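Peer 1: Sharing a structure with you now.
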Amino acid sequence: MNSLTPPKISVDLTPIRHQLHKIAELSGAEHQTRDYLCQELAKLSAFTTQLLPSGSILSCIDSHQPGAIVLLRADMDALPIQESNQHYYCSQTPGVSHLCGHDGHATSLLGCAHLLEQSPILNGKIYLLFQSAEETGEGGPQALKDMRALGLKFDFAFAYHNIPGAPLGQIICKEKAMTAAVQSLSVQFIGRTAHAAEPESGICPAAAIAQLVQFSQSLNCTDLTRQDFTLVTPICIQMGTPAYGTMPGEGRADFTIRCWQNQQMEIIAQQIEEKLSEICSAAHLNYRYQWLESFRGCDNHPAAVEIIKHSAHALNLHSIVPEHPFKWGEDFGSLIAYWPGALLGIGSGEQLSPLHHVDYDYPDELLPIAANMLAQIAYLTTMASQSL
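Following the working numbering, the numbering of the sequence shown begins with 21 at its first residue and continues without gaps.
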């Protein structure tokens with residue numbers, strides 16, 4: 021079995037991440053990011069690279085020998101947030117920055133490619149997916165559709181996310197639910213405007229909005245140890261303007277829902293839809309609603325988790341089993357719902373700012389650790405997956 025300890029990568033990954041950080045782009049618009057990554061991948065003669073219709077990049081190294089076919093995935097989109105950092109490599113796009121570490125995820129997957137080129141796999145094939153649009157939950161399902169259209173089938177799929185607050189390089193993984201199922205709901209209430217002195221001549225959505233918010237909070241089960249964990253968060257409530265002689269006739273309410281179980285999410289969504297219909301019918305309101313930014317929960321396959329544990333051990337990385345899933349969403353869940361696989365966390369430092377915080381910055385010292393971990397997973401899976 022190939023062993024990558026200590027890590028020795030033939031390229032300095034830090035300038036690559038810094039360049040990706042500079043050219044941060046929003047979900048579905050990663051044009052410069054995609055071009056830059058393709059330029060870097062073109063330097064690796066062992067890999068063949070193609071662009072997928074959805075905007076993701078797929079690159080492959082083939083041993084031309086029997087063995088497992090493995091997918092390693094990293095995201096590459098940024099967030100619509102202005103960073104507060106003053107580094108020389110800060111984002112050059114106003115209001116857009118890499119505050120979730122996707123610049124580091126993509127760079128470490130590129131580092132993994134360099135390791136696989138330096139020490140090629142002996143069996144099977146490794147595919148590297150640089151995925152578009154993770155932050156909106158759209159990129160994973162789109163990439164899945166693209167790869168299925170190509171007739172690709174994977175024995176295992178793996179991805180990681182950096183975890184601020186955890187010790188640098190700590191491996192975090194568990195079987196079954198690893199991240200929450202997450203989706204958002206936007207509701208438009210449509211009544212009739214009236215003079216504020218004559219509310220009886222109109223239909224105001226205020227009471228209906230209040231009832232829906234109150235009902236949403238009754239669904240919460242915030243005990244992290246329970247399988248039916250549910251968290252419904254009101255995100256936005258809008259109605260009327262400071263025109264004091266006018267009673268508003270329209271309103272809006274938005275929510276984000278999180279559940280440990282994908283099945284629980286379906287139950288909660290149905291309950292909200294039924295209550296919304298009941299409330300609006302009683303109030304004589306018309307309404308429209310839309311489910312947005314859906315993230316299927318990452319359900320880790322036990323065999324994939326074992327591969328991660330063995331890989332961490334081979335690299336002398338400390339690993340832990342978290343007590344409960346992470347409450348944030350990850351659209352990698354759509355891929356491992358179709359192919360066996362697992363999402364792992366890699367600690368990015370106990371003092372690092374939280375994800376999406378304005379002064380968060382992926383730590384460069386994590387790059388070789390993550391690259392080696394991904395490569396070790398590739399080696400172990402292609403050589404020994406049948407024996408685990």
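The C-beta atom is built at its ideal place from N, Cα and C for all residues, glycine as well.
Bear in mind the structure is a predicted one, so any value in this text is a computation, not a measurement.
Hey, could you find the ends of the alpha helix (DSSP H) Pro-290 is sitting in?
Peer 2: Looking at the sequence provided, one finds Gln at residue 290 rather than Pro. First-last of the alpha helix (DSSP H) with Gln-290: 282 to 302.
Peer 1: Please name the residue, chosen from Met-259, Thr-276 and Ser-139, that lies closest to Ile-81 on a Cα-to-Cα basis.
Peer 2: That would be Ser-139, whose Cα lies nearest to the Cα of Ile-81.
Peer 1: Please report the straight-line C-alpha distance between Cys-300 and Asn-306, rounded to a whole angstrom.
Peer 2: So the alpha carbons of these two residues sit roughly 7 Å apart.
Peer 1: Buried or exposed: Glu-385, going by 16 or more other Cβ atoms within 10 Å of its Cβ?
Peer 2: Exposed: under 16 other Cβ atoms inside 10 Å.
Peer 1: Suppose you measure from the CA of Leu-312 to the CA of Gly-157; what does that come to, to the nearest Å?
Peer 2: About 9 Å.
Peer 1: Could you have a look at Lys-145 and say whether DSSP puts it in helix, strand or coil?
Peer 2: Note: Lys-145 maps to strand in three-state DSSP.
Peer 1: Nearest CA to the CA of Leu-296: which residue from Phe-275, Ser-65, Gln-281 and Arg-246?
Peer 2: Here the closest residue by C-alpha is Phe-275.
Peer 1: Are the beta-carbon atoms belonging to Leu-119 and Ala-133 less than 8 Å from one another?
Peer 2: For Leu-119 and Ala-133, no; Cβs fall outside 8 Å.
Peer 1: According to DSSP, is Pro-219 part of a helix, a strand, or is it coil?
Peer 2: The answer is helix: DSSP assigns Pro-219 an H, G or I state.
Peer 1: Under the rule that 16 or more other beta-carbon atoms within 10 Å means buried, what is Ala-200, buried or exposed?
Peer 2: So Ala-200 counts as buried.
Peer 1: Ala-163 to Ser-76, Cα distance in whole Å?
Peer 2: The alpha-carbon atoms of Ala-163 and Ser-76 are separated by roughly 7 Å.
Peer 1: For the segment 199 to 268, list the alpha helix (DSSP H) runs that are entirely contained and at least 4 residues long, ordered along the chain.
Peer 2: The qualifying runs are 226 to 238.
Peer 1: With DSSP run on the structure shown, which of helix, strand or coil describes Tyr-56?
Peer 2: Tyr-56 falls in the helix class under three-state DSSP.
Peer 1: Near Ala-197, which residues of its chain fall below 7 Å by C-beta distance, leaving aside the five closest residues on each side in sequence?
Peer 2: Only Trp-280, Gln-281, Gly-317, Asp-319 and Pro-345 meet the Cβ criterion.
Peer 1: Which residues share a DSSP beta bridge with Asn-320?
Peer 2: According to DSSP, Asn-320 bridges with Lys-196.
Peer 1: Would you list the one or two residues that DSSP bridges to Asn-306?
Peer 2: Paired residue(s): Ile-210.
Peer 1: Below 8 Å between beta carbons: does that hold for Ala-126 and Ala-153?
Peer 2: Against a cut-off of 8 Å, the Cβ pair of Ala-153 and Ala-126 comes out as no contact.
Peer 1: Smallest Cα separation from Ser-373: which of Ala-186, Ala-62 and His-338?
Peer 2: Nearest C-alpha to Ser-373: Ala-186.
Peer 1: Tell me whether the beta-carbon of Pro-184 lies closer than 8 Å to the beta-carbon of Ser-368.
Peer 2: Against a cut-off of 8 Å, the Cβ pair of Ser-368 and Pro-184 comes out as a contact.
Peer 1: Just to confirm, does Ile-29 get its C-beta within under 7 Å of one of the non-hydrogen atoms of the ligand ADP?
Peer 2: Questions concerning the ligand ADP fall outside what the structure shown contains, since it holds no ligand whatsoever.
Peer 1: In this structure, does DSSP put Gln-151 in helix, strand or coil?
Peer 2: In the structure shown, Gln-151 sits in a strand (DSSP, three-state: E or B).
Peer 1: I need the DSSP call for Gly-124, collapsed to helix, strand or coil.
Peer 2: DSSP places Gly-124 in helix when its eight states are reduced to three.
Peer 1: Could you check if Gln-255 is buried or exposed, using at least 16 other CB atoms within 10 Å of its CB as the buried criterion?
Peer 2: For the record, residue 255 in the displayed sequence is Ile; it is not Gln. That one is exposed.
Peer 1: Going by the beta-carbon positions, is the gap between Val-202 and Phe-352 smaller than 8 Å?
Peer 2: Contact: no.
Peer 1: Give me whichever residues DSSP pairs with Glu-10 in a beta bridge.
Peer 2: It is not possible to answer for residue 10, since the shown part of the chain is limited to 21 through 408.
Peer 1: Just to check my reading of the structure: Asn-182 and Ile-366 have Cβ atoms closer than 8 Å, yes? What is that Cβ distance to the nearest angstrom?
Peer 2: Going by Cβ atoms, the distance from Asn-182 to Ile-366 rounds to 6 Å, so yes, they are a contact pair.
Peer 1: For the beta strand (DSSP E) that Leu-364 lies in, which residues bound it at each end?
Peer 2: 361 to 367 is the extent of the beta strand (DSSP E) around Leu-364.
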